[in-house]
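Here's the structure we're looking at; comments come further down.
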Ligand SMILES: Nc1ncnc2c1ncn2[C@@H]1O[C@H](COP(=O)(O)OP(=O)(O)OP(=O)(O)O)[C@@H](O)[C@H]1O
Ligand SMILES: [Mg+2]
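Residue numbers (my numbering): 34 to 372.
In structure tokens:
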């Protein structure tokens, strides 16, 4: 993998459209590279942008571009299946569990991938892709990944979790363990004499070791991902020329600093100059003040400006038009990859 381009910013500013347009243009400029466009927003919409049903499968969009709108539940299930099974096993070895069917049932119904927070599930998927484990059975080695991220808060979670993977998994397990303890406390009056350490010490030790090994693997993976994002990740923040989304990208810059390098800012949907529409020109002049402020604020970065197009940029052709509006006609792939 050579580059991971991440697009972020406030809702509705054009993150998905610019992600898709960038993917289309790069796939044309770099026919020998394999490119993947991923949506990390739960409200996926790259299907709409390409007028194709994409969903949870790698879907070819051009000869060298694929898209996916992952269902984080599926990946969380795969990712945690083994760990969850072992943890359950360990808990079930507590003698009390054997004696109180409700606790066994509680373990079975509560400690599942379903109860993992969505942000963690998304992060698990993000890591799975980045860790080159391949998607589904059709393992394609991608050279460039373009990730359409959710608005800032959820974006941070995607970066944060690989780093604190172990903490999150342990916290999750611990919460669960505590809820079992809570359940046990309810019964403890009745069963006080029955509660003793695990029956089969050796078996428990083995399981404990395996679980520990899995947690170490998780930690190593988290470190690999964090290192990878530091090395080849490139954040681009998308804004429109208005105060709220400008404020949001300033916040996003500060919050993401420790995870990924911010390399560019897109100022999208600027109202074009009009001969007939004074109202439009008034809007434009207000927007241009913000454009100046944004350029000043992010003066060390590449700024790409794009006007509001007459037609919604949809379908490969529409996205190609948007890409040219954003990047111009003289741009090289290198300038897009390393602004
Ligand atoms: N330069 C542009 N000119 C005209 N329309 C645009 C432009 N950029 C984006 N749009 C349109 O604006 C709308 C919002 O764009 P998009 O869905 O890409 O934003 P988003 O930031 O991904 O939103 P969300 O936060 O909801 O995911 C879409 O209808 C899109 O077609
Ligand atoms: Mg979007």
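Note that the Cβ used here is the ideal one computed from N, Cα and C, for glycine as well.
Model, not experiment: these values are computed from the prediction.
- As computed with DSSP, residue 55 is found in no beta bridge at all.
- The segment 45–63 and the segment 156–163 do not touch, with fewer than three beta-carbon pairs separated by less than 8 Å.
- Per DSSP, residue 278 is one residue of the alpha helix (DSSP H) stretching across 276–289.
- Among the bridge pairs identified by DSSP, residue 93 is matched with 99.
- Annotation: residue 58 to residue 99 spans about 13 Å, alpha carbon to alpha carbon.
- Here the distance from the Cβ of residue 187 to the nearest heavy atom of ligand 1 is not below 8 Å.
- In the same chain as residue 116, and ignoring 5 residues on each side of it, the C-beta atoms closer than 6 Å to its own belong to 247, in chain order.
- DSSP links residue 41 through a beta bridge to 270.
- Cβ-Cβ distances below 7 Å link residue 66 to 97, 176, 177 in the same chain, with the five nearest sequence neighbours on each side left out; the list follows chain order.
- Your pair residue 93 and residue 158 does not check out as a contact, with CB atoms roughly 20 Å apart and the cut at 8 Å.
- Using a cutoff of 8 Å, the CB of residue 88 does not count as near ligand 1, since none of the ligand's heavy atoms is closer than that.
- Note on residue 304: 16 or more other CB atoms within 10 angstroms of its CB, so buried under the neighbour-count rule.
- With contacts defined as CB atoms closer than 9 Å, residue 366 and residue 40 fail to qualify as a contacting pair.
- In this structure, residue 262 places its C-beta atom within 9 Å of the C-beta atom of residue 37.
- Ranked by Cα distance from residue 243, the options 122, 315, 311, 313 are led by 122.
- By the C-beta density criterion, residue 134 is exposed, having fewer than 16 other C-beta atoms within 10 angstroms.
- DSSP, read as helix, strand or coil, puts residue 364 in coil.
- For residue 330, the enclosing alpha helix (DSSP H) covers residues 311–330.
- Residue nearest to residue 338 within the set 255, 345, 323 is 323 (criterion: CA-CA distance).
- In terms of CA proximity to residue 82, 347 leads the group 347, 281, 274.
- In the DSSP annotation of this structure, the continuous segment of the alpha helix (DSSP H) that includes residue 82 starts and ends at 79–83.
- Judged by DSSP secondary structure, residue 296 falls within the beta strand (DSSP E) whose first and last residues are 295–303.
- Remark: the shortest separation between the CB of residue 43 and any heavy atom of ligand 2 does not fall under 8 Å.
- With a beta-carbon spacing of about 6 Å, residue 271 and residue 47 fall inside the 8 Å limit used to define contacts.
- The DSSP-derived three-state label of residue 181 is strand.
- The C-beta separation of residue 43 from residue 372 comes to about 21 Å, leaving the pair out of contact by the 8 Å criterion.
- The beta carbons of residue 237 and residue 86 sit no closer together than 9 Å.
- The DSSP-derived three-state label of residue 342 is coil.
- Contact between residue 294 and residue 269 does not hold, since their C-beta atoms are separated by about 10 Å, which reaches or exceeds 8 Å.
- Taking 9 Å as the cut-off, the beta carbon of residue 71 is found closer than this to the beta carbon of residue 181.
- By the neighbour-count criterion, in which 16 or more other beta carbons inside 10 Å mark a residue as buried, residue 368 falls on the exposed side.
- Straight-line spacing of the CA atoms in residue 35 and residue 265 works out to 6 Å.
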